[in-house]
Amino acid sequence: HRGWFQSSLLTSVAANKGLAPYKAVLTHGFVLDEKGFKMSKSLGNVVNPLQVIEGGNNKKLEPAYGADVLRLWVASVDYAGDVRVGANIIKQTFESYRKLRNTARYLIGNLADYDPSKDAVAYDDLPSMDKWMLGSMSQVLNEVDDALSNYQFGRATNEILRFATADLSNFYLDVAKDRLYISAVDDARRRSCQTVIHALLEGFAKSIAPILPHMAEDIWQNLPYKTDEDNSSVFEGGLSEKLMSYPEVDAEKWDLVRNVRTDVNQVLESARKDKLVGASLDAAAYIYTSDDKIKAVLSELDGDESLITPSVKTNGVDELRTAFMISQVHIVDSEDAITEACDSEYTGTGELSGCMIGVKKAEGTKCGRCWFYDKEVGNHGSKYGPDLCQRCGEAIFSWEESSGNEFSAPVVEEAAPVA
C-alpha cells in the first residue's frame with residue numbers, strides 16, 4: 093500500500109540502527125467512488141465525509157446520516173484493497189444501522205418493568221431455548237472481540253449484523269413476543285425471557301461500542317433498570333466475563349427447530365397465496381419424519397393439545413407451537429396422515445430438515461387476546477369475554493390480583509344489518 097509510513101520507515105531505519113518508528117502499522121487502499129474511479133474535483137465525484145454526517149443543502153436528496161453511519165461503512169469494508177463509497181452505498185449502510193437500532197429499541201422496550209435485582213431468573217432455572225440463546229450470544233461476543241483485537245472490523249460488523257438479523261429478529265425475538273406480551277407480568281416464562289434480553293442488551297451495546305459509539309452510549313444511558321444516580325458509560329468496564337462465558341447448550345436441537353420452522357414457513361407461503369390462511373397463527377402444521385433422532389427432538393417439544401397454563405407436557409417455552417408461531421403442531425407417524433389431513437397443494441418436503449410437512453386451517457376458535465386458535469376458547473367462563481383461551485384468562489386474573497384493578501371486557505358492537 094501507499095502511505096506516509098514508507099518514508100518514515102526508511103528514514104528511521106537509516107537513522108536509528110534498523111529500528112522502525114512505530115510498533116505496528118495498519119494500511120489500507122484508496123477510497124474510490126461507487127463506479128471504482130479515483131475521486132477528483134474535476135470529475136465532481138468526491139464524497140465529503142462531513143456532508144455524509146451533516147447532510148447537504150437538500151436534506152431529502154442528501155440526508156444527514158450522522159457519524160455512526162459513516163463509521164459503520166468504514167468498519168464494514170475490506171480495507172485490504174481499494175474501497176468504494178457513494179450515495180447508494182451509504183444508503184445501504186444506513187439500512188444496516190437502522191436494523192441494529194431497531195433491535196436495540198425492541199430490547200430496551202421490553203425491559204420497562206424489569207428489575208435485575210428482583211426479577212432475574214437463575215441460569216439453572218432457565219428453559220433450554222434461553223440457555224441456547226445465551227450460549228449463542230457468548231460465541232458472538234468472543235468472535236467480535238477477537239475480530240476487533242486483530243483489526244478485522246468487517247468480520248466483527250458482519251457477525252453483529254448476522255446475529256441481530258438471523259438469531260434475534262428472525263427467531264428468538266419473534267418467538268419471544270408470545271412470552272412478553274401474552275404471559276402474566278410475573279410469569280416465569282416472561283421473566284426468564286427478560287433475563288435473557290437483559291444480557292442481550294448489555295452484550296449488544298458493549299459489542300457495537302467501538303464501531304457505533306453514539307448508538308452504544310445512547311443505549312447505555314437509557315437502560316430502564318439503571319438508577320438516576322448512575323452516570324457510568326458503556327465504555328467503562330469493557331465486556332464482562334459473565335456475558336462472554338455462557339456455555340453452548342442444545343445447539344443441534346435448536347438448529348433443527350429453526351430448520352423445520354423455515355420449512356414450515358415455506359409451505360405456509362402457498363397457503364397464504366391461496367388465502368387459506370393469513371398470519372401463521374391461522375394455521376396448523378402436520379410433520380412427518382422417518383429419522384428417529386429428528387422425531388425424538390420434535391416429540392420432546394410437542395406441547396399440550398390446548399393452550400393451558402401451567403403447561404403439562406412442556407415448560408411452556410421449549411415448545412413447537414410457540415417456536416413456530418403456529419396454532420397447532422401435529423407430529424404424525426406416516427406420510428398418509430399428512431395427505432389425509434391436508435390438501436396436496438399445501439404439502440411438501442422441507443429442504444433443510446427433510447421432513448414432510450403439510451398445513452391446513454387451524455381448528456377451533458381464535459382467541460381474542462393471543463390470536464392462537466384453540467378448541468377450548470370460550471369454554472372457561474365469560475367473565476373476561478367470550479373469546480379467551482384458558483391461558484389468557486389466567487393472565488388477566490393474575491393482573492387483577494397483582495394490580496388491584498378490575499378488567500372490563502370490551503363490548504363488541506354487532507354490525508347493523510344490510511338493508
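According to my numbering, the sequence shown is numbered sequentially starting from 93.
We put the CB at the ideal spot given by N, CA and C, even for glycine.
- Boundaries of the beta strand (DSSP E) around Y380: A375 to Y380.
- Scanning its chain for C-beta atoms nearer than 8 Å, with the 5 sequence neighbours on each side dropped, one finds around Y317 the residues L203, Y206, D207, P208 and H290, in chain order.
- Annotation for A156: I145, E146 and G147 place their beta carbon closer than 8 Å to its own, counting only its chain and skipping 5 residues before and after.
- Counting only residues of its own chain and dropping the five nearest sequence neighbours on each side, S261 has a CB closer than 7 Å to the CB of T195.
- The beta carbon of R350 sits closer than 7 Å to the beta carbons of F263 from its chain, once the five residues preceding and following it are set aside; these are given in chain order.
- Taking C-beta atoms under 8 Å as the contact rule, V409 and W224 fail to qualify, at a distance of about 11 Å.
- Our two residues, V213 and P219, have alpha carbons roughly 10 Å apart in a direct line.
- Closest in alpha carbon position to P141, among G128, G246, K152 and G178, is G178.
- With contacts defined as CB atoms closer than 8 Å, V267 and A429 fail to qualify as a contacting pair.
- Within the region 382-434, the runs of beta strand (DSSP E) at least 3 residues long that lie entirely inside it are, in chain order, 420-423.
- No Cβ-Cβ contact shorter than 8 Å links V326 with A343.
- Per DSSP, reduced to three states, the secondary structure at K183 is helical.
- Taking 8 Å as the cut-off, the beta carbon of G442 is found closer than this to the beta carbon of D355.
- For a cut-off of 8 Å, the C-beta gap from A167 to T249 is around 5 Å, short enough to register as a contact.
- Around the beta carbon of G370, fewer than 16 other beta carbons sit within 10 angstroms, so the residue counts as exposed.
- DSSP places G440 in the uninterrupted beta strand (DSSP E) bounded by T439 to T441.
- At a Cβ-Cβ threshold of 8 Å, D222 and S299 do not count as neighbours.
- G470 and G456 have their alpha carbons spaced roughly 10 Å apart.
- When the beta-carbon positions are compared, K452 and Y438 come within less than 8 Å of each other.
- The C-alpha of S324 is placed about 40 Å away from the C-alpha of P402.
- Taking all protein chains in view, the Cβ of W96 is surrounded by fewer than 16 other Cβ atoms within 10 Å, so the residue is classified as exposed.
- In this structure, V175 places its C-beta atom within 8 Å of the C-beta atom of V169.
- Taking every protein chain shown into account, the CB of E235 has 16 or more other CB atoms within 10 angstroms, so this residue is buried.
- In this structure Q313 is exposed. Its beta-carbon is surrounded by fewer than 16 other beta-carbon atoms within 10 angstroms.
- DSSP places R281 within a helical segment (H, G or I) once states are collapsed to three.
- Checking the DSSP bridge columns, you'll see Y215 has no partner listed.
- I379 is the residue among L111, L368, I379 and A388 whose C-alpha sits nearest the C-alpha of G440.
- A residue is called buried once 16 or more other Cβ atoms fall within 10 Å of its Cβ, and T381 is buried on that count.
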